[in-house]
Amino acid sequence: MPGRWYRNAVIYSVDVRLFQDSDGDGIGDLPGLTKRLDYLSRLGVNTLWLNPVHPSPGADGGYDITDYYAIDPCLGDLGDFALFLAEAGERGLRVIMDLVVNHTSDQHPWFRAAREDPASDHRDWYVWSAVEPPDRFSGQVFPGVEKETWTYDEQAGAWYRHRFYRTEPDLNTDHPAVRREIGKIAEFWLRLGVAGFRIDAAPFLIETGQQRLPDYRFLRDLRERVSWRAGDAVLLAEANVADAELLEYFGSADGTSSRTTMLFAFRLNQAMMLALARRDPQPIRDTLAALPDLPAHAQWATFLRNHDEVDLGGLSDTERADVFAAFGPEPDMQLYDRGIRRRLAPMLGGDRRRIELAYSLQLTMAGTPVLRYGDEIGMGEDLQLPERQAIRTPMQWDSGPGAGFSTAPAERVIAPVIDFGEYAYQQVNVTDQRLDETSVLSWFERILHTLRECPEIGCGDHEMLTTEQRCVLAHLAALDGAETLFLHNLDDVPCRLDLRATVAGQYRPLNLFGDSDYGRDVDLGAVALNGYGYRWIRLTR
Numbered sequence: 011m012p013g014r015w016y017r018n019a020v021i022y023s024v025d026v027r028l029f030q031d032s033d034g035d036g037i038g039d040l041p042g043l044t045k046r047l048d049y050l051s052r053l054g055v056n057t058l059w060l061n062p063v064h065p066s067p068g069a070d071g072g073y074d075i076t077d078y079y080a081i082d083p084c085l086g087d088l089g090d091f092a093l094f095l096a097e098a099g100e101r102g103l104r105v106i107m108d109l110v111v112n113h114t115s116d117q118h119p120w121f122r123a124a125r126e127d128p129a130s131d132h133r134d135w136y137v138w139s140a141v142e143p144p145d146r147f148s149g150q151v152f153p154g155v156e157k158e159t160w161t162y163d164e165q166a167g168a169w170y171r172h173r174f175y176r177t178e179p180d181l182n183t184d185h186p187a188v189r190r191e192i193g194k195i196a197e198f199w200l201r202l203g204v205a206g207f208r209i210d211a212a213p214f215l216i217e218t219g220q221q222r223l224p225d226y227r228f229l230r231d232l233r234e235r236v237s238w239r240a241g242d243a244v245l246l247a248e249a250n251v252a253d254a255e256l257l258e259y260f261g262s263a264d265g266t267s268s269r270t271t272m273l274f275a276f277r278l279n280q281a282m283m284l285a286l287a288r289r290d291p292q293p294i295r296d297t298l299a300a301l302p303d304l305p306a307h308a309q310w311a312t313f314l315r316n317h318d319e320v321d322l323g324g325l326s327d328t329e330r331a332d333v334f335a336a337f338g339p340e341p342d343m344q345l346y347d348r349g350i351r352r353r354l355a356p357m358l359g360g361d362r363r364r365i366e367l368a369y370s371l372q373l374t375m376a377g378t379p380v381l382r383y384g385d386e387i388g389m390g391e392d393l394q395l396p397e398r399q400a401i402r403t404p405m406q407w408d409s410g411p412g413a414g415f416s417t418a419p420a421e422r423v424i425a426p427v428i429d430f431g432e433y434a435y436q437q438v439n440v441t442d443q444r445l446d447e448t449s450v451l452s453w454f455e456r457i458l459h460t461l462r463e464c465p466e467i468g469c470g471d472h473e474m475l476t477t478e479q480r481c482v483l484a485h486l487a488a489l490d491g492a493e494t495l496f497l498h499n500l501d502d503v504p505c506r507l508d509l510r511a512t513v514a515g516q517y518r519p520l521n522l523f524g525d526s527d528y529g530r531d532v533d534l535g536a537v538a539l540n541g542y543g544y545r546w547i548r549l550t551r
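Here it is as structure tokens:
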């Protein structure tokens, strides 16, 4: 088996501010997260991805940063962070951080110096224009919310560029000093013990020149610098780009990835959403056939939901309309003219069969799965909150006041806990599900521990199989003699498959995991699948 830890990882995305408050101030913090490490270890994840933990005014959920070398005081301090890393390491948990360096907060000392004095060393660390740019009203990341990408600053007497919110001026990553600073930031946190970084908005980070063409050498240089400090550190890039550009982000020197280690599989995510909406796996088959073969040691990061909207920008208008109709039919469920701002459980109508099917589908795709905190208990969203905040609500630990997240009065809690409807914390929480062996949480523990027994998923070769049932996705993963067959029925009608001609060879099939008890023996000539059923079948020669 390839000795690359990230290829058999299960990544858990967590916002420290929303996970566990340890001191009653209404904000989650590092000591609180540290106290929950045993829970995460038992769950079956082995890598934690921390959303930004740096000082921030909080205008963009912590992604507007004012100091890259510190911990936000509301979360703790560097000592708390070091203790958290040590405790995570004791449990075999690695930690990766968000590297958010395509922009800063407008309150960052660099930008303050840049706007105050044209002769400042930091003036050229940002992107300025003396005249109103012709593209002032184009290229917004958040259309319908932010109306322009250039804002005039009275103090500076110039226009500054911001692809995100106007409170987040773009750094000029053409500048050698800025690139050196980014490398220094990465080295600082690697020295403290993190295992790598998720690179926020990678396409914008590497834009260069007036034409804003991508400079992939930036990624190569960052990879080299990171690798010298920690040989097994990973770079996971957020790059929702066209298929033709994907390999450029990985690099392929001598057939081996030389830039980023992993990319989020946005195209696959959109295909899975379309397949679930249509109850037809063909979009998944088509996407997997179109995606390029990866260089050695490169890896996809698969996901169903992340901390942002479900981005459907890569689908056609008809395909997007189908997903909207199935999972986000109301205008307030949609966002930025391209996505859905809901959690997966309510998107699937709370149907336990479909929820399990969707996550089994994700977990068996080639790549490293990424889960969002709260997915494991089927948390919902609060559509009364603006934009992406609808899915950024506190973790629901128990049915007591504050959902076990905080003892602070409700008005002091960083975001309101969900206390209404079928996804209220009184109905959906860790404690109740821990006591129920049939709960979503118990199911997640079982499937994640089974996943750890199947290294062929993350490291092996995957082959799509043809079946006579249009609604069934069948594929085979193999590694070093271990072969596992995965079957997923995207329709609610039970079916039966004859796989004797498809799965060549003499096997003794073994039921590994499934939506129900299909019996001890497996007959490849008559494999049953329930409606929305799924089966993992180990094939032993």
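Read left to right, the sequence shown gives residues 11 to 551 (the working numbering).
All C-beta atoms in this analysis are idealised placements derived from N, C-alpha and C, irrespective of residue type, glycine included.
Subject >> Proximity below 7 Å, CB of R233 to CB of L245 >> reply: Walking along the sequence shown from the start, residue 233 turns up at place 223. Walking along the sequence shown from the start, residue 245 turns up at place 235. Yes; because the gap between Cβ atoms is below 7 Å, this pair is in contact.
Subject >> Start-to-end residues for the alpha helix (DSSP H) that takes in R190 >> reply: Taking the first residue of the sequence shown as 1, we reach residue 190 at position 180. R190 -> alpha helix (DSSP H) spans P186 to L202.
Original post:
CB V380 to CB I21, shorter than 7 Å?
Top reply: Residue numbering aside, residue 380 sits at position 370 when the sequence shown is read from its first letter. Residue numbering aside, residue 21 sits at position 11 when the sequence shown is read from its first letter. The answer is yes: Cβ separation under 7 Å.
Subject >> Local Cβ density within 10 Å of W59, reported as buried at 16 or more and exposed below that >> reply: Here residue 59 corresponds to residue number 49 of the sequence shown, with the count starting at 1. Result: buried.
**OP:** For the alpha helix (DSSP H) holding Q372, just list the boundary residues, first then last.
**Re:** Your numbering for residue 372 matches position 362 in the sequence shown. Where Q372 is concerned, the enclosing alpha helix (DSSP H) stretches over R362 to T374.
**OP:** Just tell me which of R364, I457, I350 and A538 has its CA closest to the CA of V320.
**Re:** The residue you call residue 320 lines up with position 310 of the sequence shown. When only C-alpha atoms are compared, the closest one is I350.
Original post:
Out of curiosity, what's the CA-to-CA distance linking E217 and K194?
Top reply: Mapped onto the sequence shown, residue 217 falls at position 207. Mapped onto the sequence shown, residue 194 falls at position 184. C-alpha separation (whole angstroms): 20 Å.
**OP:** Just the C-alpha distance for T512 and L534, rounded to the nearest angstrom, thanks.
**Re:** Here the question's residue 512 lines up with position 502 in the sequence shown. Here the question's residue 534 lines up with position 524 in the sequence shown. Between T512 and L534, the C-alpha separation is close to 10 Å.
**OP:** Rounded to whole angstroms, what's the CA-CA distance from D502 to L278? Just pull it up for me.
**Re:** The residue given as residue 502 occupies position 492 in the sequence shown. The residue given as residue 278 occupies position 268 in the sequence shown. So the alpha carbons of these two residues sit roughly 22 Å apart.
**OP:** Please state whether DSSP places L298 in a helix, a strand or coil.
**Re:** Residue numbering aside, residue 298 sits at position 288 when the sequence shown is read from its first letter. In this structure, L298 counts as helix in the three-state DSSP scheme.
Subject >> W546, enclosing beta strand (DSSP E) - first and last residue >> reply: Start at 1 with the first residue of the sequence shown, and residue 546 comes out as number 536. From DSSP, the beta strand (DSSP E) with W546 extends over Y544 to T550.
**OP:** Would you grab the beta carbon distance between D163 and R125 for me? Rounded to a whole angstrom, and I think it's under 8 Å.
**Re:** The residue given as residue 163 occupies position 153 in the sequence shown. The residue given as residue 125 occupies position 115 in the sequence shown. About 5 Å separates the two Cβ atoms, so the contact holds.
Subject >> Whole-angstrom C-beta distance between L93 and N56, which should lie under 8 Å >> reply: In the sequence shown, the residue the question calls residue 56 occupies position 46. In the sequence shown, the residue the question calls residue 93 occupies position 83. Actually they are not in contact, since the Cβ atoms of N56 and L93 sit about 19 Å apart, beyond 8 Å.
**OP:** Grab the span of the alpha helix (DSSP H) containing M282 for me, first residue to last.
**Re:** As a first step, residue 282 must be located in the sequence shown, where it is residue number 272. Taken as a continuous stretch (DSSP letters only), the alpha helix (DSSP H) holding M282 covers F276 to R288.
Original post:
How big is the Cα-Cα spacing for V155 and Q436?
Top reply: The sequence position of residue 155 within the sequence shown is 145, counting from 1. The sequence position of residue 436 within the sequence shown is 426, counting from 1. Cα-Cα distance, rounded: 33 Å.
Original post:
Taking DSSP as the reference, what is the three-state secondary structure of V333?
Top reply: The count along the sequence shown starts at 1 and reaches residue 333 at position 323. Reduced to three states, the DSSP call for V333 is helix.
Subject >> Those runs of the beta strand (DSSP E) which lie wholly inside the stretch 453-480 and span at least 3 residues >> reply: 471-475
Subject >> CA nearest to the CA of F454, picked from G388, G68, D429 and V427 >> reply: Working through the sequence shown from its first residue, we reach residue 454 at position 444. Checked all of G388, G68, D429 and V427; the closest Cα to F454 is G388.
Original post:
Which word fits P65, buried or exposed, when buried means at least 16 other C-beta atoms lie within 10 angstroms of its C-beta?
Top reply: If you number the sequence shown from 1, residue 65 lands on position 55. Per the 10 Å Cβ criterion, buried.
Original post:
DSSP on A168, reduced to helix/strand/coil?
Top reply: Position 158 of the sequence shown, counted from the first residue, corresponds to residue 168. In the structure shown, A168 sits in a strand (DSSP, three-state: E or B).
Original post:
Is W4 near W120, with beta carbons less than 7 Å apart?
Top reply: No information on residue 4 is available, as it lies outside the stretch 11 to 551 that the chain covers here.
Original post:
With L85 and V63 assumed to form a contact (beta carbons below 8 Å), what rounded beta-carbon distance in angstroms separates them?
Top reply: Translated into the one-based positions of the sequence shown, residue 85 becomes position 75. Translated into the one-based positions of the sequence shown, residue 63 becomes position 53. Confirmed, Cβ separation roughly 6 Å.
Original post:
In whole angstroms, what separates the C-alpha of A212 from that of L273?
Top reply: Taking the sequence shown and counting its residues from 1, the one referred to as residue 212 is at position 202. Taking the sequence shown and counting its residues from 1, the one referred to as residue 273 is at position 263. If you take the alpha carbons of A212 and L273, they lie about 10 Å apart.
Original post:
Does the distance from the CB of P519 to the CB of I547 come in under 7 Å?
Top reply: Here residue 519 is taken as the residue at index 509 of the sequence shown, counted from 1. Here residue 547 is taken as the residue at index 537 of the sequence shown, counted from 1. Taking 7 Å as the Cβ cut-off, P519 and I547 qualify as a contacting pair.
Subject >> Cβ pair S115, I75 closer than 7 Å >> reply: The count along the sequence shown starts at 1 and reaches residue 115 at position 105. The count along the sequence shown starts at 1 and reaches residue 75 at position 65. Cβ distance < 7 Å, so S115 and I75 count as in contact.
Original post:
With a cut-off of 8 Å, do at least 3 Cβ pairs link the stretch 451-471 to the stretch 482-492?
Top reply: yes
**OP:** Assuming D332 contacts R364 (C-beta within less than 8 Å), just tell me the rounded distance between them.
**Re:** Residue 332 sits at position 322 when you count from the first residue of the sequence shown. Residue 364 sits at position 354 when you count from the first residue of the sequence shown. At roughly 16 Å, the Cβ-Cβ gap does not stay under 8 Å, so D332 and R364 are not in contact.
Subject >> Residue environment, V141, which counts as buried when at least 16 other CB atoms sit within 10 Å >> reply: For this step, residue 141 is matched to residue 131 along the sequence shown. Result: exposed.
**OP:** Measure the beta-carbon distance from S51 to P41 and round it to whole angstroms, keeping in mind my assumption that it falls under 8 Å.
**Re:** The residue labelled residue 51 in the question sits at position 41 within the sequence shown. The residue labelled residue 41 in the question sits at position 31 within the sequence shown. Not quite, the Cβ-Cβ distance comes to about 17 Å (not below 8 Å), so this is no contact.
Subject >> Pair within 7 Å by beta-carbon distance, Y79 and F198 >> reply: On the sequence shown, position 69 is the one that residue 79 refers to. On the sequence shown, position 188 is the one that residue 198 refers to. Yes, they are a contact pair.
**OP:** Can you say whether R171 is buried or exposed, counting buried as having 16 or more other CB atoms within 10 angstroms of its CB?
**Re:** Your numbering for residue 171 matches position 161 in the sequence shown. The residue is buried, with at least 16 neighbouring Cβ atoms inside 10 Å.
**OP:** Would you kindly work out how many angstroms separate the C-alpha atoms of G543 and T161, rounded to a whole number?
**Re:** Numbered from its first residue, the sequence shown carries residue 543 at position 533. Numbered from its first residue, the sequence shown carries residue 161 at position 151. Spanning the two alpha carbons is a distance of roughly 52 Å.
Original post:
Within this structure, are the beta carbons of F29 and M405 separated by less than 7 Å?
Top reply: Translated into positions along the sequence shown, residue 29 becomes position 19. Translated into positions along the sequence shown, residue 405 becomes position 395. Yes.
**OP:** Would you kindly report the start and end of the unbroken alpha helix (DSSP H) that includes W120?
**Re:** Along the sequence shown, read from residue 1 onward, the residue named residue 120 stands at position 110. W120 -> alpha helix (DSSP H) spans P119 to E126.
Original post:
Count the other CB atoms within 10 Å of the CB of L260; is the residue buried (16 or more) or exposed (fewer)?
Top reply: In the sequence shown, residue 260 corresponds to position 250, counting from 1. For the record, residue 260 in the displayed sequence is Phe; it is not Leu. Buried, by the Cβ-count rule.
Original post:
From the DSSP output, which residues share a beta bridge with H307?
Top reply: Here residue 307 corresponds to residue number 297 of the sequence shown, with the count starting at 1. DSSP lists no partner for H307.
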